[in-house]
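Scroll down for the structure; my scribbles are underneath it.
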Amino acid sequence: MKIAFIGLGNMGGGMAANLVKAGHAVNAFDLSAEASAKAAEHGCAPFGTVSEAVEGVDAVVTMLPNGAIVRAVYTGEVFARAPKGALLLDCSTIDLATAREVVELAHEAGYEMVDAPVSGGIAAANGGTLTFMVGGSEAAFEQARTVLEPMAKAVIHAGETGAGQVAKMCNNMLLAIHMIGTCEALALAEKAGLDPQTFYDISSKATGYCWSLNDYTPMPGVGANSPADNGYAGGFASALMLKDLRLAMAGAEASGAKVPMGEHATRIYEAFVEEGNGGKDFGAIFTTL
Ligand code: NAD
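Heads up: take any position in the sequence shown, counting from 1, add 1, and you land on my numbering.
In structure tokens, the structure reads:
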């Protein structure tokens, strides 16, 4: 297939490279010349505008920072220049309202489009092991699967338009909550006189088990190897977790859901990021306890 890939940053760069490896011809566009040059090194064909990149393609994939940019890219150039019949896939993590609006505009312009946000960080993007949560019709999902599989460990149909973004925001709100809970439990265990590794050995096999404790232990030298063992460098930045929590809070407000723990987690990450810790892995909340 001929695929346009827009947004070749930390995530998009590796994803586009995996599409090339799978044998697709990939037209690349990014506002950053550096990102475009890197994509070219991985076998993508770099273009100077979105309009040129989407000319004659079978599919358009976007991996962009936020909803306003996603809306601008699609309504500005993609809808005007991509061939009718091209499948549109937005893999960015964006607010639910914009995700639904852009798909509606795509349908009006005569395109099939899915929201297909991902779980997994930069390593999974590079390794082709992302989990995609796809919102859209059954037919659109079947088409999308072919495009997404070379970048994926799993491609899951979440439901109708927007369902991918709902799955993503709920997953990451839950992740923030169990990460903070894990940090608190480890800190409490130590302060109350229990060896934290012994606590890990017990709780990771008891009802306290969860991904944050078992697989991503946020205390240095305890449990699973994680960014905590590397000064909280790399991993999933606290600023990105805060972005996702804010999207979840907006989604909760719009849908009338009560999320008291989600609100609390948002305040905790807000304070942490304001103190200059936005670049640290989200498990670094442990250091505040
Ligand atoms: P990034 O900032 O590294 O990459 C975004 C890229 O988009 C940049 O290269 C930027 O130049 C480009 N861009 C911005 N505006 C543009 C425009 N108008 N046209 C073309 N290119 C434009 O961000 P990232 O970490 O790659 O994240 C991308 C998306 O993936 C975000 O929505 C993020 O929430 C989501 N995500 C990130 C992670 C992660 O661990 N980094 C994990 C899951 C999901």
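Ideal placement from N, C-alpha and C gives every residue a C-beta, glycine not left out.
Local Cβ density within 10 Å of residue i, reported as buried at 16 or more and exposed below that
i: A268; result: Inspection of the sequence shows that residue 268 is occupied by Arg rather than by Ala. Under this definition R268 is an exposed residue.
i: H108; result: exposed
i: D196; result: exposed
i: G137; result: buried
i: E275; result: exposed
i: T94; result: buried
i: K85; result: exposed
i: E42; result: exposed
i: Y270; result: buried
Cβ-heavy atom distance, residue i to ligand 1, below 6 Å
i: L97; result: no
i: G8; result: yes
i: P66; result: yes
i: T94; result: yes
i: A36; result: yes
i: N28; result: no
Residues bridged to residue i [DSSP beta-bridge criterion]
i: P197; result: Its beta-bridge partners do not exist; DSSP assigns none.
i: A153; result: L131
i: L88; result: A60, E113
i: P221; result: P221 is not bridged to any residue.
i: N28; result: A5, A46
Sub-7 Å separation of residue i and residue j beta-carbons
i: I181; j: A272; result: no
i: F6; j: V62; result: yes
i: C1; j: A117; result: Beyond the ends of the chain as shown, which are 2 and 290, falls residue 1; an answer cannot be given.
i: V119; j: L131; result: yes
i: K39; j: G14; result: yes
i: A285; j: Y233; result: yes
DSSP-derived helix/strand/coil call for residue i
i: F6; result: strand
i: A265; result: In the sequence on display, residue 265 carries His and not Ala. Three-state result, H265: helix.
i: G228; result: The sequence as given places Pro at residue 228; Gly does not occur at that position. It is helical.
i: A186; result: helix
i: V119; result: strand
i: A159; result: strand
i: A245; result: Looking at the sequence provided, one finds Asp at residue 245 rather than Ala. Three-state result, D245: helix.
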